[in-house]
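Here's the structure, in structure tokens; my notes come after.
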Amino acid sequence: MNAQPAAPASHPFTLRLALGLVGVLIAALTSGLNDRVTDLALADVRAAIGFSYDRATWITSAYQAAEVAAMMVAPWFAVTFSLRRFALAVAFGFALAGILQPFAATPGLFIGLRVIQGLFGGALPPLLMTVALRFLPPGIKLYGLSAYALTATFGPNMAASLAAFWTDAVGWQFVFWQIVPPLLLAGVLIGWGLPQDPLRLERFKQIDLFGMLTGCSGVALMVLTLSQGERLDWLQSPLIVGMLCASIALLVAFLINEWSHPLPLFKLQLLQRKNLTHGLLVLAGVLLVALSGSALPSAYFAQVAGFRTVQFAPLALAIGLPQLLIAPFMAFLLNLRWVDCRWMLTCGAALLSVSCLMGAQLTDDWARQNFWPIQLLQAFGQPMLILPVLMSATSVILPPEGPYASAMFNTVRGFSSVAAGSLVENFLTHREKFHSHTLVDRLGNSPWLMTAANSADASAMQPLLPDGSASSAENLGHFATLLKHQAVILSISDAYLLLIGCALLLVLLTAWLPKRVWPPQTLIQTQTKAVR
């Protein structure tokens, strides 16, 4: 017999409880910032601690693997030990690992601390969704979900500015120490604001230990495979093959176990509810399409324009800062009974598609001002995609089922973020190689295109002389650079077109799977009128 989760005790929504939820929000945002800031500042951190490029890639990979694994189990432990106790312990451990990180004397210790910090950091975002589903009354539930959406739209886009500030103006150590002040504030708010539930240690009698071992190990190995695959040449590497095969076997065993376990991490039966299934699928797609506002512009400025992070940061801020107003406004619109969240999602996909179509016109003449309209569309389009997904998916979840939904939602989110980044990075790499070979082949068949009439007319655009020799090593080097830049530009343009296709696929899924859902408070109003 499957054990049904007990309904949590209800608590009146007061200012004290609201501040406790704000504390969880701050902690979750800090977790996301820590991951992204460290990734952006990796080159400076690597230089400071003396890591080679290959070894430094494991700093990010190890953190992400631990982070996603923790997302699977955090809601289970939060229910068992109580939300308040678990949130405080996780926030403290996360801050302590960050404080110790710059003092790690050996590469093994440094990466080990990143794994520990990843475990603590990955446990924080699921807590935000869990408390939102449990404590928020229907009238403001969507505003709480808009706060959760900030972890995907606001936090990541603030990271570039912070990474540039710490590495250029302060010191690389603050890439890790930046988390301490907000976590101290979060700890105070959580400790004062969240109600103290009793311990439920009896849940250990039904602990899903097999699921924890297979699920966490399987998803961690899959994250490592995706993040290291391109560098190690995928299936040509025995390490990648071994991790991939082990990951698939472990995840299959995990899913079989979860279906019948009395107290699972994932309640797979919930996937029979179409709105939840749609939400998980579309969430993965949204995280992929959203890279058109971050990964693609940053790739252009880093590889073609030669910008540092500080020079790209304003474009990321153009998406991140407006979210503080746009996300609550979208929640306000979704609270109107006549607004169908499926149509808002479709409009959001349309805005991102238009922004990608504009980005596909990229040339080597583009400067930062050319991206402002694209980023403006992204700033509105991203929350118009994420909030309807959250509203639709959580509408079919009962309060006792919140921890299951949180574990599934956040694991999919964490894994999809890594998978989307890996997909775009690999796509850009292979398309750049394709365009580079195509351009070289065309120039080889048409040498007059790069041949000057004489040495006086030779330039970077025409580095060859009529006899086929190079006019100068400098001109030839500049020509090779121009060729590489053009290949990069064409690959980024292709990526924009790919993401348009992904956005259209999200619209098709939305037309097919989910049912119409209504704002939470309007359902209560309707029921009240019916009783009268």
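Residues in the sequence shown are numbered from 12 upward in steps of one, following my numbering. Just so you know, even glycine gets a beta-carbon here, dropped at the ideal spot from N, CA and C.
Beta-carbon within less than 6 Å of Ser-309's beta-carbon, same chain only, minus the 5 sequence neighbours each way: which residues are those? Residue 309 sits at position 298 when you count from the first residue of the sequence shown. Answer for Ser-309: Phe-323, listed in chain order.
Cβ neighbours of Tyr-74 in the same chain (closer than 6 Å, five flanking residues each side left out): Counting from 1 along the sequence shown, the entry for residue 74 is found at position 63. Within the same chain, Tyr-74 has close Cβ partners Arg-125 and Gly-129.
Three-state secondary structure (DSSP) at Asn-346? Position 335 of the sequence shown holds residue 346. Of the three classes helix, strand and coil, the one that applies to Asn-346 here is coil, per DSSP.
Where the alpha helix (DSSP H) containing Phe-103 begins and where it ends: For this step, residue 103 is matched to residue 92 along the sequence shown. Taken as a continuous stretch (DSSP letters only), the alpha helix (DSSP H) holding Phe-103 covers 94 to 111.
Compute the beta-carbon to beta-carbon distance between Pro-137 and Pro-86, rounded to the nearest angstrom, for a pair I have assumed lies under 8 Å. For the purposes of this step, residue 137 is taken as the residue at position 126 of the sequence shown. For the purposes of this step, residue 86 is taken as the residue at position 75 of the sequence shown. With 8 Å as the limit, Pro-137 and Pro-86 qualify as a contact, their Cβ atoms being about 5 Å apart.
Going straight from the alpha carbon of Ser-228 to that of Ser-258, what length do you get? One-based indexing of the sequence shown puts residue 228 at position 217. One-based indexing of the sequence shown puts residue 258 at position 247. Those two C-alpha atoms are separated by around 7 Å.
Considering only their Cβ atoms, is the gap separating Val-528 from Ser-427 smaller than 7 Å? As a position in the sequence shown, residue 427 is number 416, starting the count at 1. As a position in the sequence shown, residue 528 is number 517, starting the count at 1. Taking 7 Å as the Cβ cut-off, Ser-427 and Val-528 do not qualify as a contacting pair.
Looking at the unbroken alpha helix (DSSP H) that takes in Val-263, where does it start and where does it end? Along the sequence shown, one-based indexing puts residue 263 at 252. Residues 249 to 271.
Indicate whether Val-435 and Ala-260 have their beta-carbon atoms separated by less than 7 Å. Within the sequence shown, residue 435 is the residue found at index 424, counting from 1. Within the sequence shown, residue 260 is the residue found at index 249, counting from 1. One thing to note: Val-435 has its Cβ no nearer than 7 Å to the Cβ of Ala-260.
Helix, strand or coil for Ile-408, going by three-state DSSP, please let me know. Taking the sequence shown and counting its residues from 1, the one referred to as residue 408 is at position 397. Residue state, collapsed to three classes: coil.
What does the alpha-carbon distance come out to for the pair Leu-266 and Leu-279? Taking the first residue of the sequence shown as position 1, residue 266 is located at position 255. Taking the first residue of the sequence shown as position 1, residue 279 is located at position 268. About 8 Å.
State yes or no: is the C-beta of Leu-194 within less than 7 Å of the C-beta of Ala-102? Along the sequence shown, read from residue 1 onward, the residue named residue 194 stands at position 183. Along the sequence shown, read from residue 1 onward, the residue named residue 102 stands at position 91. A contact, by the Cβ cut-off of 7 Å.
Among the residues of its own chain, which have a CB less than 8 Å from the CB of Thr-374, if the five just before and after it don't count? Against the sequence shown, residue 374 aligns to sequence position 363. Counting only Cβ-Cβ distances below 8 Å, and skipping sequence neighbours, we find Ile-500.
Could you spell out where the alpha helix (DSSP H) holding Ala-431 opens and where it closes? On the sequence shown, residue 431 is found 420 positions in, with the first residue counted as 1. Where Ala-431 is concerned, the enclosing alpha helix (DSSP H) stretches over 413 to 456.
Inspect the CB distances between the region 513 to 523 and the region 288 to 296 and report whether three or more fall short of 8 Å. Output reads yes: the region 288 to 296 touches the region 513 to 523.
With a threshold of 8 Å on Cβ separation, who are the neighbours of His-22 within its own chain once the five nearest residues in sequence on each side are excluded? In the sequence shown, the residue the question calls residue 22 occupies position 11. Residues of the same chain with a CB within less than 8 Å of the CB of His-22, apart from the 5 flanking positions on each side, are Leu-28, Phe-146 and Pro-206 in chain order.
Burial state of Gly-317 (16 or more Cβ within 10 Å): The count along the sequence shown starts at 1 and reaches residue 317 at position 306. The residue is exposed, with fewer than 16 neighbouring Cβ atoms inside 10 Å.
Are three or more beta carbon pairs between the region 104 to 120 and the region 442 to 459 nearer than 8 Å? no
Beta-carbon proximity check, Ala-418 vs Ile-408, cutoff 7 Å: In the sequence shown, counting from the first residue as 1, residue 418 sits at position 407. In the sequence shown, counting from the first residue as 1, residue 408 sits at position 397. The answer is no: Cβ separation not under 7 Å.
Excluding the 5 residues preceding and the 5 following Phe-165 in the sequence, name in chain order all residues of the same chain whose CB lies nearer than 6 Å to its CB. Counted from its first residue, the sequence shown places residue 165 at position 154. If you ignore the 5 residues before and after Phe-165, its C-beta comes within less than 6 Å of the C-beta of Gly-331 and Gln-334, all in its own chain and listed in chain order.
Assign Leu-287 to one of three DSSP states: helix, strand, or coil. Along the sequence shown, one-based indexing puts residue 287 at 276. Collapsing the DSSP output to three states places Leu-287 in a helix.
In this structure, how does DSSP classify Ser-364 when only helix, strand and coil are distinguished? For the purposes of this step, residue 364 is taken as residue 353 along the sequence shown, with counting starting at 1. It is helical.
Cβ contact (3+ pairs, closer than 8 Å) linking the region 46 to 54 and the region 166 to 179: Three or more beta-carbon pairs separated by less than 8 Å link the region 46 to 54 to the region 166 to 179, which places the two stretches in contact.
Let me check understanding here. Comparing Cα to Cα, which of Ile-190, Leu-494, Phe-62 and Tyr-64 lies closest to Arg-47? Translated into positions along the sequence shown, residue 47 becomes position 36. Taking only the C-alpha atoms, the option nearest Arg-47 is Ile-190.
Nearest candidate by alpha-carbon position, reference Cys-256, set Pro-275, Glu-241, Leu-235 and Glu-269: Walking along the sequence shown from the start, residue 256 turns up at place 245. Residue Leu-235 is the option with its Cα nearest to Cys-256.
Segment limits, alpha helix (DSSP H) that includes Asn-45: Here residue 45 is taken as the residue at index 34 of the sequence shown, counted from 1. Element bounds for Asn-45: 26 to 51.
Starting from Trp-523, trace the alpha helix (DSSP H) both ways and give me its first and last residue. Start at 1 with the first residue of the sequence shown, and residue 523 comes out as number 512. Counting along the chain, the alpha helix (DSSP H) containing Trp-523 begins and ends at 484 to 523.
Between which two residues does the alpha helix (DSSP H) holding Asn-168 run? Residue numbering aside, residue 168 sits at position 157 when the sequence shown is read from its first letter. 166 to 176 is the extent of the alpha helix (DSSP H) around Asn-168.
Express the C-alpha separation of Thr-492 and Phe-420 in angstroms, rounding to a whole number. The residue given as residue 420 occupies position 409 in the sequence shown. The residue given as residue 492 occupies position 481 in the sequence shown. Their backbone Cα atoms lie some 44 Å apart in a straight line.
Secondary structure at Asp-55, three-state DSSP: helix, strand or coil? Taking the first residue of the sequence shown as position 1, residue 55 is located at position 44. It is helical.
How about Ser-157 and Leu-396: do their beta carbons lie closer than 7 Å? Position 146 of the sequence shown, counting from 1, holds the residue named residue 157. Position 385 of the sequence shown, counting from 1, holds the residue named residue 396. No.
According to DSSP, is Thr-357 helix, strand or coil? Numbered from its first residue, the sequence shown carries residue 357 at position 346. Three-state DSSP puts Thr-357 in a helix.
Checking 7 Å against the spacing of the C-beta atoms, do His-496 and Val-315 come in under that value? Residue 496 sits at position 485 when you count from the first residue of the sequence shown. Residue 315 sits at position 304 when you count from the first residue of the sequence shown. Result yes, Cβ atoms of His-496 and Val-315 sit closer than 7 Å.
Tell me where the alpha helix (DSSP H) around Arg-125 begins and ends. What you label residue 125 is simply residue 114 of the sequence shown in a count that begins at 1. Start and end: 118 to 133.
Length of the line joining the Cα atoms of Asp-452 and Phe-490: The residue given as residue 452 occupies position 441 in the sequence shown. The residue given as residue 490 occupies position 479 in the sequence shown. Cα to Cα, Asp-452 sits roughly 15 Å from Phe-490.
Around the Cβ of Thr-539, are there at least 16 other Cβ atoms within 10 angstroms (buried) or fewer (exposed)? Locating residue 539 in the sequence shown gives position 528, counting from the first residue. Because Thr-539 sits at a pLDDT of 40, beneath the cut-off of 50, its placement in the model cannot be relied upon, and the following sentence gives the value as read from the coordinates. Burial call: exposed.
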